[in-house]
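Residue numbering for the sequence shown is 1 to 304, as defined by the UniProt record's numbering.
Take a look at the structure below.
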Amino acid sequence: MFVKAIERVSEFTRPIHIITRLYNQAEIRPGAATLFFINENGDAITCKHVADLIVNVGAIQQHYARFMAEYRKILREPQHDYLRQRLEDQFNMKLGTVIGQKFDFINCFESLSQIHVTYHPKYDLALLRFEGTGQKFFQRPAEFVADGASAKPGKSLCRLGYPFAEYTNFRYNSDLDDIEWVRTHNQVTPSFPIDGIVTRYIADESGTPFAIEMSTPGLVGQSGGPLFDTEGTVYGMQQSTRHLHMGFDMVNHDVWVGGTHRAKISNHPFLHVGVCISADIIKEFLRQHNVKFYTKKAFRENLN
Numbered sequence: 001m002f003v004k005a006i007e008r009v010s011e012f013t014r015p016i017h018i019i020t021r022l023y024n025q026a027e028i029r030p031g032a033a034t035l036f037f038i039n040e041n042g043d044a045i046t047c048k049h050v051a052d053l054i055v056n057v058g059a060i061q062q063h064y065a066r067f068m069a070e071y072r073k074i075l076r077e078p079q080h081d082y083l084r085q086r087l088e089d090q091f092n093m094k095l096g097t098v099i100g101q102k103f104d105f106i107n108c109f110e111s112l113s114q115i116h117v118t119y120h121p122k123y124d125l126a127l128l129r130f131e132g133t134g135q136k137f138f139q140r141p142a143e144f145v146a147d148g149a150s151a152k153p154g155k156s157l158c159r160l161g162y163p164f165a166e167y168t169n170f171r172y173n174s175d176l177d178d179i180e181w182v183r184t185h186n187q188v189t190p191s192f193p194i195d196g197i198v199t200r201y202i203a204d205e206s207g208t209p210f211a212i213e214m215s216t217p218g219l220v221g222q223s224g225g226p227l228f229d230t231e232g233t234v235y236g237m238q239q240s241t242r243h244l245h246m247g248f249d250m251v252n253h254d255v256w257v258g259g260t261h262r263a264k265i266s267n268h269p270f271l272h273v274g275v276c277i278s279a280d281i282i283k284e285f286l287r288q289h290n291v292k293f294y295t296k297k298a299f300r301e302n303l304n
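So this is what it looks like as structure tokens:
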């Protein structure tokens, strides 16, 4: 049902590859997020929590550099372990603290020089305005639904993003004490669609509807990806997943395990539903900042 729509949406949807280095851990953690282009100028939108990572990368690197500069001063001190612990407390360095991140905007631009980020003042939404030279590698930009109210409960919609980071083109450079990209190994993360039906609209504290709830979850890495119909018309942007307690709790329930023995299990099931910032909220945000975008009338499904 969404075959042609996914092909269309893939023209303007792109992955952001993110590698993360954690304090006191040797392994580099790969991840991904999603953005999509809204005009031929190279303006795109994603989630605010994704844009935060991009904005804060320099501050994280500088903080770690200051820590290491102080740490090198005590390397040969007889009270090294004690002094190191004091430094770790001073700089809030503990197991799992992020000390470095790198980003790669895949198949977006031939050369990228700068990114300007504008946040929505209230919702998890951000505008990315890229400056670069050379060729743009995305095709036709997104087309938003003209009237977001057409996303009624029961309507089938789909999301596209990059939840499974399968790329391996990164390494730790011991000479620089830093992580870096390499142009060998696998550089690709495949897109992943997930469909569902609209369940309801979500309102903010003032009662204003701002998001569409979907019957299926948005996956980690799909944040910032488009929500679209069978024609590829965009109805919103994947933002988060809500976990609704279903009430079917089982405590010390007696079951057969593997057909060989009985065991006591407990289970507290939740229904995981997707939350997508609505197209109407996105369009109003773009209008406020005089950003060009395109709209399309809602596709009328044949209900006969």
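Note that CB positions come from ideal geometry on N, CA and C, so glycine has one too.
8 Å contact criterion, which residue i and residue j should meet: CB distance rounded
| i | j | result |
| --- | --- | --- |
| residue 19 | residue 179 | 6 Å |
| residue 193 | residue 159 | 7 Å |
| residue 39 | residue 141 | 5 Å |
| residue 61 | residue 100 | 6 Å |
| residue 228 | residue 50 | Their Cβ separation, rounded to whole angstroms, is 19 Å, which puts residue 228 and residue 50 out of contact at 8 Å. |
| residue 148 | residue 280 | 4 Å |
| residue 239 | residue 161 | That pair is no contact at about 11 Å. |
| residue 117 | residue 128 | 6 Å |
| residue 71 | residue 87 | 6 Å |
| residue 211 | residue 197 | Not a contact, Cβ separation roughly 15 Å. |
| residue 143 | residue 295 | 6 Å |
| residue 54 | residue 109 | Not quite, the Cβ-Cβ distance comes to about 15 Å (not below 8 Å), so this is no contact. |
| residue 275 | residue 205 | Between residue 205 and residue 275 the Cβ distance is about 15 Å, and since that is not below 8 Å, they are no contact. |
| residue 170 | residue 30 | 7 Å |
| residue 226 | residue 91 | Not quite, the Cβ-Cβ distance comes to about 39 Å (not below 8 Å), so this is no contact. |
| residue 241 | residue 261 | Not confirmed; about 35 Å, so no contact. |
| residue 250 | residue 266 | 6 Å |
| residue 234 | residue 163 | Rounded, the Cβ-Cβ distance is 19 Å, inconsistent with contact. |
| residue 15 | residue 189 | 5 Å |
Bridge-paired residues (DSSP) for residue i
| i | result |
| --- | --- |
| residue 34 | 15 |
| residue 173 | 178 |
| residue 276 | 212 and 238 |
| residue 270 | 245 |
| residue 129 | 43 and 116 |
| residue 227 | 159 and 236 |
| residue 263 | 255 |
| residue 196 | 157 |
| residue 109 | 136 |
| residue 145 | 296 |
Residue burial classification, residue i (beta-carbon count within 10 angstroms, cutoff 16)
| i | result |
| --- | --- |
| residue 268 | exposed |
| residue 64 | buried |
| residue 1 | exposed |
| residue 284 | exposed |
| residue 185 | exposed |
| residue 218 | buried |
| residue 66 | exposed |
| residue 125 | buried |
| residue 137 | exposed |
| residue 93 | buried |
| residue 79 | exposed |
| residue 224 | buried |
| residue 222 | buried |
| residue 17 | buried |
| residue 123 | buried |
| residue 195 | buried |
| residue 255 | exposed |
| residue 82 | exposed |
| residue 292 | exposed |
| residue 48 | buried |
| residue 59 | exposed |
Helix, strand or coil at residue i according to DSSP, with G and I counted as helix
| i | result |
| --- | --- |
| residue 203 | strand |
| residue 115 | strand |
| residue 166 | coil |
| residue 54 | helix |
| residue 64 | helix |
| residue 187 | coil |
| residue 26 | coil |
| residue 157 | strand |
| residue 286 | helix |
| residue 8 | helix |
| residue 3 | helix |
| residue 140 | coil |
| residue 296 | strand |
is_contact[residue i, chain C] using C-beta, thresh 8 Å
| i | result |
| --- | --- |
| residue 256 | Among the chains of the structure shown, chain C does not appear; only one protein chain is present. |
* **Those runs of the beta strand (DSSP E) which lie wholly inside the segment 237-261 and span at least 3 residues** => Qualifying beta strand (DSSP E) stretches, in chain order: 250-257.
* To do: Taking only runs that begin and end inside the segment 71-107, name each unbroken beta strand (DSSP E) of 3 or more residues, in chain order.
  => Whole beta strand (DSSP E) segments, 3+ residues: 98-105.
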